[in-house]
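Visitor: Okay, here's the structure, questions in a sec.
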Amino acid sequence: MTTAPGTHHTPGADGAYTGPHPDAPDVVRSAYAQLVVTDLPRARWFWVDMLGFHIQYEEPGVLCLRGTDELTHHSLVLRHGPVAALDHLAYRVRTPEDVDRAERYFTALGCPVRRVRKGTGTRGVGDAVRVIDPLGFPVEFFHEIERGERLIQRYDLRRGAEIARLDHFNICTPDIRTAYAHYQDLGFGCSETIEGDTAGGEHELYAAWMYRKQTVHDVAFTGGAGPRLHHLGVATHESHQVLRCADIFGSLRKEHHIERGPGRHGVSNAFYLYLRDPDGHRVEIYTSDYYTGDPGHETYRWDVHDDRRRDFWGNAVIESWYKEATPVLDLDGSPRPVSEALLDESAVQVGADGLG
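For reference, each letter of the sequence shown is one residue, going 1 to 356 in my numbering.
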């Protein structure tokens, strides 16, 4: 006997991992994102020339990009369109059968579901399922993807921030607790949270970082109006590459693309830099987080009143970082409606942080 999807788990008071829903697909990791950009040459300048993504494939209106460590066809797709938006996020699943499981699972949840056959969807990706998940996000689940040439030691091709790989998605959602429960059902563990006072026997949950690969996160939730994409996190190997990226933007008098940082996060311990592309899509250049693969890895909880949570050095978080994000599309390419947040972390007064 199986349990209906969406009713199997709720977040425990201690934040402990409670395991996946028995009918859920086996997710391996965050795999790629597809963004709609309004000016593809300008987007190419930003993502390829300045950040250092490698062009794996291009055709009129589309660029497929990857980092130097990645052996799959792409981790970022830029598609030209009239309005800047997130087309979809994508997770790789462990087997072809997990694609079928994803279709059944989200159908049982009552979500919009669309099967995308090989050759009809994103270049290089095999059979896939695209859904509007319970949080309102367009999400693809796939197993098969073309391989790319090994670039790990092609130092001659590196430029900009020398992007190595996609690391994570960060999404704005009005209800962090619901997001937490949904991703627990998909088998994600939780590395860190930002929590507030106890209300009704449960801690207020302002943000959470959840993982399938053995790093701090594949997806994180920022409390706010949503569904919207807060940022894509892309990894580089060393902190000096983050600093070099900032220097290059400054030297070309393009420093207005730098939104926040460089700095070190409290959550994740990573060294970071946030930038906005020509359409306003936010990207985090990210390095130096930690391993989460041991069984029983414990969730680390940050108090919302600790001003080191977002920046370990206590630097203020600017208002645009909390308030601005990328809209998302439905399966037919129309913008999805946005709901306001249940809790607003930016309204919590904490030293120089807190914008309420």
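The beta-carbon is built from N, C-alpha and C at its ideal position, and this holds for glycine as well.
Please work out which residues of its chain come closer than 8 angstroms, Cβ to Cβ, to Gly293, disregarding the five sequence neighbours upstream and downstream, and give them in chain order.
Guide: As a first step, residue 293 is located in the sequence shown; it is residue number 293 there, counting from the start. Same-chain partners within the cutoff: Gln214.
Visitor: Given that a residue counts as buried once 16 or more other Cβ atoms are within 10 Å of its Cβ, and exposed if not, what is Ser191?
Guide: Residue numbering aside, residue 191 sits at position 191 when the sequence shown is read from its first letter. So Ser191 ends up on the buried side.
Visitor: Within 10 angstroms of the Cβ of Arg260, are there 16 or more other Cβ atoms? Answer buried if so, exposed if not.
Guide: Taking the sequence shown and counting its residues from 1, the one referred to as residue 260 is at position 260. The residue is buried, with at least 16 neighbouring Cβ atoms inside 10 Å.
Visitor: Would you mind sorting Glu284 into buried or exposed? The rule is 16 or more other CB atoms within 10 Å of its CB.
Guide: The count along the sequence shown starts at 1 and reaches residue 284 at position 284. Under this definition Glu284 is a buried residue.
Visitor: Which first and last residues belong to the beta strand (DSSP E) in which Asp262 is found?
Guide: Translated into the one-based positions of the sequence shown, residue 262 becomes position 262. With the sequence shown as reference, residue 262 is identified as Pro, and Asp is not the correct amino acid for it. From DSSP, the beta strand (DSSP E) with Pro262 extends over Ile258 to Arg264.
Visitor: Looking at the strands, I want to know which residues DSSP matches up with Cys190.
Guide: Position 190 of the sequence shown holds residue 190. According to DSSP, Cys190 bridges with Met210.
Visitor: First and last residue of the beta strand (DSSP E) that includes Gly223?
Guide: To locate residue 223, count along the sequence shown from 1; it is residue 223. Residues Val219 to Gly223.
Visitor: Where Asp133 and Arg154 are concerned, what is the direct C-alpha to C-alpha distance, given to the nearest angstrom?
Guide: As a working note, residue 133 is residue 133 in the sequence shown. As a working note, residue 154 is residue 154 in the sequence shown. Cα to Cα, the separation comes out at about 38 angstroms.
Visitor: Could you check the C-alpha separation between Glu345 and Pro295 for me, to the nearest Å?
Guide: To locate residue 345, count along the sequence shown from 1; it is residue 345. To locate residue 295, count along the sequence shown from 1; it is residue 295. Computed Cα separation, rounded: 31 angstroms.
Visitor: Report all residues from its chain with a CB closer than 6 angstroms to the CB of Asp311; omit the five preceding and five following residues, and keep chain order.
Guide: On the sequence shown, residue 311 is found 311 positions in, with the first residue counted as 1. Excluding positions up to five away in sequence, the list reads Gly263.
Visitor: Three or more C-beta pairs under 8 angstroms: does that hold for the stretch 176–186 against the stretch 205–224?
Guide: The answer is yes - the stretch 205–224 touches the stretch 176–186, with three or more Cβ pairs under 8 angstroms.
Visitor: Could you give the C-beta distance for Leu65 and Leu78, rounded to a whole number, given that I count them as a contact under 8 angstroms?
Guide: Taking the sequence shown and counting its residues from 1, one reaches residue 65 at position 65. Taking the sequence shown and counting its residues from 1, one reaches residue 78 at position 78. Their Cβ separation, rounded to whole angstroms, is 7 angstroms, which keeps Leu65 and Leu78 in contact under 8 angstroms.
Visitor: Excluding five sequence neighbours on each side, which residues of the same chain lie with their C-beta closer than 6 angstroms to the C-beta of Tyr300?
Guide: One-based indexing of the sequence shown puts residue 300 at position 300. The residues are Glu192.
Visitor: Going by alpha carbons, who is nearest to Asp218 out of Tyr91, Ala24 and Ala164?
Guide: What you label residue 218 is simply residue 218 of the sequence shown in a count that begins at 1. Among Tyr91, Ala24 and Ala164, the Cα nearest to that of Asp218 belongs to Tyr91.
Visitor: Taking only the alpha-carbon atoms, compute the straight-line gap between Gly187 and Arg253 and give it to the nearest angstrom.
Guide: On the sequence shown, residue 187 is found 187 positions in, with the first residue counted as 1. On the sequence shown, residue 253 is found 253 positions in, with the first residue counted as 1. Computed Cα separation, rounded: 45 angstroms.
Visitor: Run the CB neighbour count on Pro337, radius 10 Å, all protein chains shown included, and call it buried at 16 or more, exposed below.
Guide: Along the sequence shown, one-based indexing puts residue 337 at 337. Exposed.
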